[in-house]
Amino acid sequence: MRRRHLLISLPGLLLQARAEECLPRSRTFIGDARFRALCAQARQGRWHRLPIGERVAAFGQAMVGTPYVGFTLEIDDHIESPSVNFTGLDCWTFFETALALARMTRRPDFQDDPALLLHEVESTRYRSGRCTGGYLERIHYLEEWFRDNHARRNIRDITRELAPVVPLKGRRIDEMTVLWKSYRYLRANPALRSGMARIEQELQRHPFHYIPKASVAALEPRLQNGDIIGIVTHKPHVYCSHVGLIVRTQDGAARLMHASSTHQRVVIDRPLSGYLAQFKNHAGIIVARPV
Numbered sequence: 133m134r135r136r137h138l139l140i141s142l143p144g145l146l147l148q149a150r151a152e153e154c155l156p157r158s159r160t161f162i163g164d165a166r167f168r169a170l171c172a173q174a175r176q177g178r179w180h181r182l183p184i185g186e187r188v189a190a191f192g193q194a195m196v197g198t199p200y201v202g203f204t205l206e207i208d209d210h211i212e213s214p215s216v217n218f219t220g221l222d223c224w225t226f227f228e229t230a231l232a233l234a235r236m237t238r239r240p241d242f243q244d245d246p247a248l249l250l251h252e253v254e255s256t257r258y259r260s261g262r263c264t265g266g267y268l269e270r271i272h273y274l275e276e277w278f279r280d281n282h283a284r285r286n287i288r289d290i291t292r293e294l295a296p297v298v299p300l301k302g303r304r305i306d307e308m309t310v311l312w313k314s315y316r317y318l319r320a321n322p323a324l325r326s327g328m329a330r331i332e333q334e335l336q337r338h339p340f341h342y343i344p345k346a347s348v349a350a351l352e353p354r355l356q357n358g359d360i361i362g363i364v365t366h367k368p369h370v371y372c373s374h375v376g377l378i379v380r381t382q383d384g385a386a387r388l389m390h391a392s393s394t395h396q397r398v399v400i401d402r403p404l405s406g407y408l409a410q411f412k413n414h415a416g417i418i419v420a421r422p423v
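Count along the sequence shown from 1, then add 132; that gives the number in my numbering.
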């Protein structure tokens, strides 16, 4: 079943679009009680008054401790649909859910409506902000997510504003086609692999630049709450292997908040430069700021 509605909110005649739901709500929205508790926390704290980056960080902090669960976006064998799962998050769904909640609660009269949150997820997760049920409509690589959402003014890619960048050379983007057995939709639909390969080939045509991790400590004072940090890797098949959010703690440090497979939950980790230094395969970062 597909549903797209418009909700008129008075005063102001603000139109709030609801998501294109291609699967039943029981499949696409897990953790309704947790969602409503987060909305209540935001309403009580008047988070709508905060800048969007502060709201992103606030929702991220509210989800600290949520179990790490991989592949929560793979919810069907054939049909793609915007989805949220508050009972388990991976690195991508963590930052994406925090951003969607921040966007949904920008007005004081926001509603605790799952359809509105699913719409916000749809608007950033899918190429050009629209899902009609096709798996290849979803953005599967973080570097494309940055470029697509920057072009549509959902975020601002500030990587080059923070420090000198270097090009990533001699690398291929082909994780989805090489490791296709890891992905439910690609296992069930072999015909999708050729389309995914074309997407990967197109992505490789775009030059990719990043900030080396040796430069990160010097730029940390310029990072803000809610900044989105893509971790660039030396590993094959992808450019970015991880993603998280910046949160500034009471000691003033710009720490990485992320859904960690190591800790098996959402955590507030070390300062970003210290986190990067732990892993020899981490090459550097790209940075986006919600707008």
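We put the beta carbon where it would ideally sit given N, CA and C, even for glycine.
(request) Could you have a look at I361 and say whether DSSP puts it in helix, strand or coil? (result) Reduced to three states, the DSSP call for I361 is strand.
(message) In whole angstroms, give me the CA-to-CA distance for A190 and N286.
(response) Their backbone Cα atoms lie some 18 Å apart in a straight line.
(request) Mind listing, in chain order, the continuous alpha helix (DSSP H) runs of no fewer than 4 residues lying wholly within the segment 214 to 261? (result) Listed in chain order, they are 223 to 236 and 246 to 257.
(message) So, with DSSP's three-state summary, where would you put V398?
(response) Here DSSP, grouped into helix, strand and coil, assigns V398 to strand.
(request) Classify R178 as buried or exposed, calling it buried when 16 or more other Cβ atoms lie within 10 Å of its own Cβ. (result) Answer is exposed; the Cβ neighbour count stays below 16.
(request) May I ask you to report which of helix, strand or coil DSSP gives V423? (result) Three-state result, V423: coil.
(request) Just grab the DSSP bridge partners of H366 for me. (result) Note: H366 sits in no beta bridge, so no partner.
(message) Strictly by DSSP, which residues pair up with D383?
(response) DSSP output for D383 lists no bridge partner at all.
(request) Pair every Cβ in the segment 357 to 369 with every Cβ in the segment 402 to 417, then say whether three or more of these pairs are closer than 8 Å. (result) Touching, yes.
(message) Can you confirm whether the segment 182 to 200 touches the segment 384 to 404 when touching is taken to mean that 3 or more C-beta pairs between the two stretches lie within less than 8 Å?
(response) Three or more Cβ pairs drawn from the segment 384 to 404 and the segment 182 to 200 lie within less than 8 Å of each other, which places the two stretches in contact.
(request) Compare the Cα-Cα distances from T219 to each of L249, V423 and R397 and report the closest residue. (result) Comparing Cα positions, the closest option is R397.
(request) Select from I211, P344 and L231 the residue whose C-alpha is nearest the C-alpha of T291. (result) Comparing alpha carbon positions, the residue from I211, P344 and L231 closest to T291 is P344.
(message) If you follow the alpha helix (DSSP H) that I331 is in, where does it begin and where does it stop?
(response) Membership of I331 in the alpha helix (DSSP H) is indicated by the continuous run L324 to Q336.
(request) Give me the Cβ distance between G384 and I361, rounded to the nearest whole Å; I'm assuming they're in contact under 8 Å. (result) In fact, because the Cβ distance is near 17 Å, the residues do not count as touching under 8 Å.
(message) Mapping the DSSP letters down to three states, classify G416 as helix, strand or coil.
(response) Strand at G416.
(request) Write down the C-beta distance between S405 and V348 rounded to the nearest angstrom, noting that I regard them as a contact closer than 8 Å. (result) With a beta-carbon spacing of about 4 Å, S405 and V348 fall inside the 8 Å limit used to define contacts.
(message) By alpha-carbon positions, which one of Y258, E276 and L408 ends up nearest to H338?
(response) Taking only the C-alpha atoms, the option nearest H338 is E276.
(message) To the nearest angstrom, how far is the alpha carbon of P353 from that of V419?
(response) Whole-angstrom Cα-Cα distance: 14 Å.
(request) Taking only the alpha-carbon atoms, compute the straight-line gap between E252 and L170 and give it to the nearest angstrom. (result) When rounded, the distance between both Cα atoms is 16 Å.
(message) Just verifying my parser: in three-state terms, what is the DSSP assignment at I407?
(response) In the sequence on display, residue 407 carries Tyr and not Ile. The three-state secondary structure of Y407, taken from DSSP, is helix.
(message) Only counting the same chain, and skipping five residues up and downstream in sequence, which positions put a Cβ closer than 7 Å to that of R257?
(response) P214, E228, R270 and I271, listed in sequence order.
(request) Report all residues from its chain with a CB closer than 6 Å to the CB of R168; omit the five preceding and five following residues, and keep chain order. (result) Closer than 6 Å at Cβ, skipping near neighbours: D244.
(message) Given this structure, state the Cα-to-Cα distance separating A409 from E307, to the nearest angstrom.
(response) Using only the alpha carbons, I get a separation of about 25 Å.
(request) Report the three-state DSSP secondary structure of V298 (helix, strand or coil). (result) Strand, per DSSP.
(message) So D208 and L155 are supposed to be a Cβ contact under 8 Å. How far apart are they, rounded?
(response) About 6 Å separates the beta carbons of D208 and L155, which is inside the 8 Å limit, making them a contact pair.
(message) Quick check on this structure: which residue in F161, R284 and I305 has the alpha carbon closest to the alpha carbon of E334?
(response) Among F161, R284 and I305, the Cα nearest to that of E334 is on I305.
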